[in-house]
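S.K.: Dropping the structure in here first, questions after.
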Amino acid sequence: MTTSPPARAAALDLWYLYGRSRADADRSVPDSFSWVWAQDGGPGSEVLGDVTGLVLADLGAGAARHAAHLAVHHAPARVDAVDASPAQHAMAFDLYGHLAPRLRAVHADVTDHLEAHPDAYDVVYSVFGGLDFTDPRRLLPAAARALRPGGLLAASTLGHYLGGAPAEPDVRHADVPARTADGTATTMRRWVLQEHVWTKLLDEAGFTAIGIDRLPPATSGPRSADTLLVRAHRQR
Ligand SMILES: C[S@@+](CC[C@H](N)C(=O)[O-])C[C@H]1O[C@@H](n2cnc3c(N)ncnc32)[C@H](O)[C@@H]1O
Numbered sequence: 026m027t028t029s030p031p032a033r034a035a036a037l038d039l040w041y042l043y044g045r046s047r048a049d050a051d052r053s054v055p056d057s058f059s060w061v062w063a064q065d066g067g068p069g070s071e072v073l074g075d076v077t078g079l080v081l082a083d084l085g086a087g088a089a090r091h092a093a094h095l096a097v098h099h100a101p102a103r104v105d106a107v108d109a110s111p112a113q114h115a116m117a118f119d120l121y122g123h124l125a126p127r128l129r130a131v132h133a134d135v136t137d138h139l140e141a142h143p144d145a146y147d148v149v150y151s152v153f154g155g156l157d158f159t160d161p162r163r164l165l166p167a168a169a170r171a172l173r174p175g176g177l178l179a180a181s182t183l184g185h186y187l188g189g190a191p192a193e194p195d196v197r198h199a200d201v202p203a204r205t206a207d208g209t210a211t212t213m214r215r216w217v218l219q220e221h222v223w224t225k226l227l228d229e230a231g232f233t234a235i236g237i238d239r240l241p242p243a244t245s246g247p248r249s250a251d252t253l254l255v256r257a258h259r260q261r
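Note that our numbering has the sequence shown beginning at 26, numbered continuously upward.
This is the structure we're talking about:
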């Protein structure tokens, strides 16, 4: 049997399964915003400051739950929920397409999207999204250029590998386990970097006022992890 191009694209989409069962059961707009790995509290949307009337981009938005929260509860001018996965983009559109024009689901690679939109955003953020899975040597300069002068980059990323191995002391990705839609085991690139590595990359990309907080998990278990909460501003 031959596989049609869309079916092949779905089968190859390494994010096809992510958040799927939740999307079937929960179509609500979240009433809170969490940065931490377990999504069980910690700092919230106040990390972004007052976003009233601002233009934001969620880099690797998945089903766009964080973007939907901001669009409904914080009166931005617009949040672009950017994701490269056909399945995640379709899920975001299905769940929250009705929030347009305040929320816009954008199907694109984050670096390509940022490079195509210089000086477009007041805030760009990522919750274990594009920042984790994209070469930061391309992504961070693109993010700096896509921000208006003084604009904010905020992101949460892993403080160490799942399982406990330490983060990388250099700009080096790992090939971590992943599954295609039909369950085939494969790998994908993930950048799990130490704080000083992120700081150097951000500085080289043109960011200033760089701050990184390590947030330990509220409860420990085999899948629990420290979160690094990264904040930096584009130079004015
Ligand atoms: C772990 S999920 C997180 C999704 C969402 N931020 C959340 O917290 O539920 C990572 C997401 O990043 C997206 N992603 C990874 N690399 C990307 C890239 N280069 N461009 C756009 N999206 C990307 C994936 O498609 C996936 O939806």
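Quick reminder that beta carbons are idealized off the backbone N, C-alpha and C, glycines included.
Small disclaimer: the values here were computed from a predicted structure and weren't measured.
(1) Quick test of your reading: T211 and L39, contact by CB under 8 Å. State the CB separation rounded to the nearest angstrom.
(2) So does Y43 have its beta carbon nearer than 7 Å to some heavy atom of ligand 1?
(3) Determine the direct distance from the alpha carbon of R204 to that of P68, and round the result to whole angstroms.
(4) As an exercise, report each continuous alpha helix (DSSP H) stretch of at least 4 residues that is fully enclosed by the segment 199 to 231, in chain order.
(5) Given this structure, state the Cα-to-Cα distance separating A100 from D75, to the nearest angstrom.
(6) Within the chosen definition, does the segment 189 to 197 reach the segment 212 to 219 through at least 3 CB pairs nearer than 8 Å?
(7) Using only the alpha-carbon positions, how far apart do S151 and D238 sit?
(8) For the beta strand (DSSP E) containing Y150, list its first residue and its last residue.
(9) For A24, which three-state DSSP category applies?
(10) Just to confirm before moving on: does the CB-CB distance between V72 and V107 stay below 8 Å?
(11) Using DSSP's beta-bridge definition, name the partner residues of T159.
(12) Return yes when the C-beta of R163 is under 7 Å from any heavy atom of ligand 1, and no when it is not.
(13) Please tell me whether L156 and T136 are closer than 8 Å, where the distance is taken between their beta carbons.
(14) Counting beta carbon pairs with one atom in the segment 50 to 58 and one in the segment 91 to 98, are three or more of them shorter than 8 Å?
(15) Which residue wins for smallest C-alpha separation from L128, given the options D200, H114, S245?
(16) Taking C-beta to C-beta, are R259 and P174 nearer than 8 Å?
(17) Can you find the residues in the same chain that come closer than 8 Å, C-beta to C-beta, to R248, ignoring five residues on each side of it along the sequence?
(18) Looking at the structure shown, is A168 part of a helix, part of a strand, or coil, going by DSSP?
(19) Below 6 Å CB to CB, which residues in the same chain sit around D200 once its five sequence neighbours on both sides are set aside?
M.R.: On the basis of the data shown:
(1) For the purposes of this step, residue 211 is taken as residue 186 along the sequence shown, with counting starting at 1. For the purposes of this step, residue 39 is taken as residue 14 along the sequence shown, with counting starting at 1. That pair is a contact at about 7 Å.
(2) Locating residue 43 in the sequence shown gives position 18, where the first residue counts as 1. Judged by the Cβ position, Y43 qualifies as a neighbour of ligand 1 at the 7 Å threshold, a heavy atom of the ligand being closer than this.
(3) As a first step, residue 68 is located in the sequence shown; it is residue number 43 there, counting from the start. As a first step, residue 204 is located in the sequence shown; it is residue number 179 there, counting from the start. Cα-Cα distance, rounded: 31 Å.
(4) 220 to 229
(5) As a working note, residue 100 is residue 75 in the sequence shown. As a working note, residue 75 is residue 50 in the sequence shown. Answer to the nearest angstrom: the Cα atoms are 9 Å apart.
(6) yes
(7) Residue numbering aside, residue 151 sits at position 126 when the sequence shown is read from its first letter. Residue numbering aside, residue 238 sits at position 213 when the sequence shown is read from its first letter. The alpha-carbon separation between S151 and D238 amounts to approximately 15 Å.
(8) In the sequence shown, counting from the first residue as 1, residue 150 sits at position 125. Counting along the chain, Y150 sits inside the beta strand (DSSP E) bounded by residues 146 to 152.
(9) The question about residue 24 has no answer, for the chain in this structure spans 26 to 261.
(10) Taking the sequence shown and counting its residues from 1, one reaches residue 72 at position 47. Taking the sequence shown and counting its residues from 1, one reaches residue 107 at position 82. Against a cut-off of 8 Å, the Cβ pair of V107 and V72 comes out as no contact.
(11) The sequence position of residue 159 within the sequence shown is 134, counting from 1. Paired residue(s): none; T159 is not in a bridge.
(12) Translated into the one-based positions of the sequence shown, residue 163 becomes position 138. No - ligand 1 has no heavy atom lying nearer than 7 Å to the Cβ of R163.
(13) Here the question's residue 156 lines up with position 131 in the sequence shown. Here the question's residue 136 lines up with position 111 in the sequence shown. Cβ distance not < 8 Å, so L156 and T136 don't count as in contact.
(14) yes
(15) As a first step, residue 128 is located in the sequence shown; it is residue number 103 there, counting from the start. If we check each option's Cα against that of L128, H114 comes out closest.
(16) Position 234 of the sequence shown holds residue 259. Position 149 of the sequence shown holds residue 174. Going by C-beta atoms, R259 is nearer than 8 Å to P174.
(17) Within the sequence shown, numbered from 1, the residue matching residue 248 stands at position 223. Only L187 meet the Cβ criterion.
(18) Within the sequence shown, the letter at position 143 stands for residue 168. Helix, per DSSP.
(19) The sequence position of residue 200 within the sequence shown is 175, counting from 1. Cβ neighbours of D200 beyond the five flanking positions: T212.
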